[in-house]
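Engineer: One structure coming up, written as structure tokens, with questions to follow.
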Amino acid sequence: MDGTLWDSAENVAKSWDTVVQREANGLRRITTLDIQQVMGHTMTEIAAMLFPMLSEKEAAGLMDQCCKEENDYLRTHGGVLYPNLENTLQILSEQYPLYIVSNCQKGYIEAFLDYYKFGKYFLDTECFGNNQMDKAYNIDLIVRRNYLEHAVYVGDIQGDYDSSMRAGVEFIHASYGFGSINRSVPYIREFSELPHAVSKIFGDGNFS
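The sequence shown begins at 241 in my numbering and counts up by one.
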């Protein structure tokens, strides 16, 4: 989602900083750059990255509070959608079933879908917060749960590519996002290019 569908970093930072100042005696400030640098990681990994001065239990507890505040904030404030997002989702959904897999906490995907009323475009979702499993597992879970014979994952960081390969699905790099990939892969420079990129991988001629 982050770096692919939208950029929520600024609003996530605002919500997390509020919690840290209130619940952790101003342990540190949380900036937009901090959030951008940890995008794509699981909540467990982010807790260790942002709060190394705390014990694992303390960091996890603070992380839980940050995530709850974040979900509530995003559900009412949203984030920054990438250009032509909804129009492209509508075009894609008319030809392909769409799904979301993320390393986010439980409730984050729902906050995104609720704020923008995008639930009508996606048939299923899965995330780390639901089952504490990594992205590769959850991509494969979506594939198996929905009986997909051919799937492609769209992501912006190396971990997305690695997870896709482990799950045995195709990959498209959202090069406008937060990261880069260490090898040559199909890519899009903006979200509106996705229908053609997917059609080329599937070889179905839908958007030739």
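Backbone N, C-alpha and C define an ideal beta-carbon position, used for all residues, glycine too.
Would you kindly work out how many angstroms separate the C-alpha atoms of L267 and D304, rounded to a whole number?
Structural biologist: Reading the sequence shown from its first residue, position 27 is the one you call residue 267. Reading the sequence shown from its first residue, position 64 is the one you call residue 304. C-alpha separation (whole angstroms): 16 Å.
Engineer: Using DSSP with H/G/I as helix, E/B as strand and the rest coil, what is L381?
Structural biologist: Here residue 381 is taken as the residue at index 141 of the sequence shown, counted from 1. In this structure, L381 counts as helix in the three-state DSSP scheme.
Engineer: Does the distance from the CB of A272 to the CB of A249 come in under 9 Å?
Structural biologist: Mapped onto the sequence shown, residue 272 falls at position 32. Mapped onto the sequence shown, residue 249 falls at position 9. Per the sequence presented here, residue 272 reads as Thr, with Ala not at that position. Yes, Cβ-Cβ distance for T272 and A249 is below 9 Å.
Engineer: Is the number of C-beta pairs between the stretch 374-390 and the stretch 404-423 that are closer than 8 Å three or more?
Structural biologist: Because the criterion of three Cβ pairs below 8 Å is met, the stretch 374-390 and the stretch 404-423 touch.
Engineer: Return the residue from the list Y387, A351, L338, E389 that minimises the CA-CA distance to D364.
Structural biologist: Numbered from 1 along the sequence shown, position 124 holds the residue referred to as residue 364. Here the closest residue by C-alpha is L338.
Engineer: Is it right to say D444 is buried, meaning 16 or more other beta carbons lie within 10 angstroms of its own, or is it exposed?
Structural biologist: As a position in the sequence shown, residue 444 is number 204, starting the count at 1. Its Cβ having fewer than 16 others within 10 Å, D444 is exposed.
Engineer: Using only the alpha-carbon positions, how far apart do M279 and F418 sit?
Structural biologist: Residue 279 sits at position 39 when you count from the first residue of the sequence shown. Residue 418 sits at position 178 when you count from the first residue of the sequence shown. Rounded to the nearest angstrom, the two C-alpha atoms are 8 Å apart.
Engineer: Alpha carbon to alpha carbon, how far is P323 from V451? Give it in angstroms, no decimals.
Structural biologist: Nothing about residue 451 can be read from this structure; the chain reaches only from 241 to 448.
Engineer: Can you list, in chain order, the residues of its chain whose CB lies under 7 Å from that of A299, leaving out five sequence neighbours each side?
Structural biologist: Along the sequence shown, one-based indexing puts residue 299 at 59. Result list for A299: A287, A288, F291, in chain order.
Engineer: Tell me which residues share the same chain as Q277 and place their Cβ nearer than 7 Å to its Cβ, disregarding the 5 neighbours each side in the sequence.
Structural biologist: For this step, residue 277 is matched to residue 37 along the sequence shown. Same-chain partners within the cutoff: there are none.
Engineer: Using a Cβ-Cβ cutoff of less than 8 Å, which residues in the same chain neighbour I349 once the five nearest sequence positions on both sides are dropped?
Structural biologist: Position 109 of the sequence shown, counting from 1, holds the residue named residue 349. Answer for I349: M241, I340, S342, T365, C367, listed in chain order.
Engineer: One question on the structure: do G395 and F411 come within less than 9 Å of each other, judged by their Cβ atoms?
Structural biologist: The residue given as residue 395 occupies position 155 in the sequence shown. The residue given as residue 411 occupies position 171 in the sequence shown. Yes.
Engineer: Which first and last residues belong to the alpha helix (DSSP H) in which H317 is found?
Structural biologist: By 1-based counting over the sequence shown, the position of residue 317 is 77. Note, H317: alpha helix (DSSP H), 296-317.
Engineer: Compute the distance between the beta-carbons of G243 and A414, then report whether it is under 9 Å.
Structural biologist: As a working mapping, residue 243 is identified with position 3 in the sequence shown. As a working mapping, residue 414 is identified with position 174 in the sequence shown. A contact, by the Cβ cut-off of 9 Å.
Engineer: Pick from Q261, S255, I441, G319: whose alpha carbon is nearest that of F352?
Structural biologist: Here residue 352 refers to the residue found at position 112 when the sequence shown is read from its first residue. Ranking Q261, S255, I441, G319 by Cα distance to F352 puts G319 first.
Engineer: Less than 9 Å between the beta carbons of L325 and W256, yes or no?
Structural biologist: The count along the sequence shown starts at 1 and reaches residue 325 at position 85. The count along the sequence shown starts at 1 and reaches residue 256 at position 16. No, Cβ-Cβ distance for L325 and W256 is not below 9 Å.
Engineer: Quick check: H453 and N265, are their CB atoms within less than 9 Å of each other?
Structural biologist: Summary: the structure shown does not reach residue 453, with the chain confined to residues 241 through 448, and so no result is reported for it.
Engineer: Quick one: what's got a C-beta closer than 6 Å to G347's C-beta in the same chain, skipping five residues either side?
Structural biologist: Position 107 of the sequence shown, counting from 1, holds the residue named residue 347. The residues are N311.
Engineer: Can E430 be considered in contact with the ligand HEM, in the sense that its beta carbon sits closer than 8 Å to one or more heavy atoms?
Structural biologist: This structure does not include the ligand HEM; it has no bound ligands of any sort.
Engineer: Select from S448, L388, I397 the residue whose C-alpha is nearest the C-alpha of Y427.
Structural biologist: Translated into positions along the sequence shown, residue 427 becomes position 187. Closest by alpha carbon: I397.
Engineer: Quick check on the burial criterion: 16 or more other C-beta atoms within 10 angstroms. Buried or exposed for L434?
Structural biologist: Stepping through the sequence shown from its first residue, residue 434 is reached at position 194. Buried.
Engineer: The alpha helix (DSSP H) with T284 in it runs from where to where?
Structural biologist: Numbered from its first residue, the sequence shown carries residue 284 at position 44. First-last of the alpha helix (DSSP H) with T284: 283-290.
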